[in-house]
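First residue of the sequence shown? That's 8 in the numbering used here, and the numbers climb one at a time after it. A short write-up of the structure that comes next.
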Amino acid sequence: MFLFVISAYVLIGFVEITPLVKANRIKELILYASIFLAAFVVSLLLSVAVRLPSPAKPMDDLVTALSKLFSS
Numbered sequence: 008m009f010l011f012v013i014s015a016y017v018l019i020g021f022v023e024i025t026p027l028v029k030a031n032r033i034k035e036l037i038l039y040a041s042i043f044l045a046a047f048v049v050s051l052l053l054s055v056a057v058r059l060p061s062p063a064k065p066m067d068d069l070v071t072a073l074s075k076l077f078s079s
């Protein structure tokens, strides 16, 4: 599974990033590469059975704090 994830990301990265490089779209390339790298790391960790914490509780805390901030 580990090699499949790497192969898939290499293929997708080549297909998606090549046009950005050719068009010299640096800002879009940096943004796309950042998100792509984060997704790649999470996918690799999941493929080797690393348990990742759920972001649900921190997101709930953030929404609650923001709603209290803007409702007062």
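Where a beta carbon is used, it is the ideal one built from N, C-alpha and C, also for glycine. The structure presented is a predicted model; accordingly, all values stated were derived computationally and were not measured.
Rounded distance between the beta-carbons of residue j and residue i, thought under 8 angstroms
i: Ala156; j: Ile24; result: Look at the range of the chain in this structure, 8 to 79, and you will see that residue 156 is not part of it.
i: Val12; j: Ser74; result: That belief does not hold up - the Cβ atoms of Val12 and Ser74 are roughly 38 angstroms apart, past 8 angstroms.
i: Leu2; j: Leu27; result: For the chain, the structure presents residues 8 to 79; residue 2 sits outside this window and is missing.
Helix, strand or coil at residue i [DSSP, three-state]
i: Val70; result: helix
i: Val55; result: coil
i: Ala15; result: helix
i: Ala63; result: helix
i: Ala40; result: helix
i: Ala81; result: No information on residue 81 is available, as it lies outside the stretch 8 to 79 that the chain covers here.
Residue i at chain B interface by Cβ criterion, 9 angstroms
i: Ala63; result: Included in the structure is just one protein chain, with no chain B present.
Spatial distance of residue i from residue j (CA atoms)
i: Gly20; j: Val70; result: 33 angstroms
i: Ser14; j: Pro65; result: 32 angstroms
i: Lys34; j: Ser50; result: 24 angstroms
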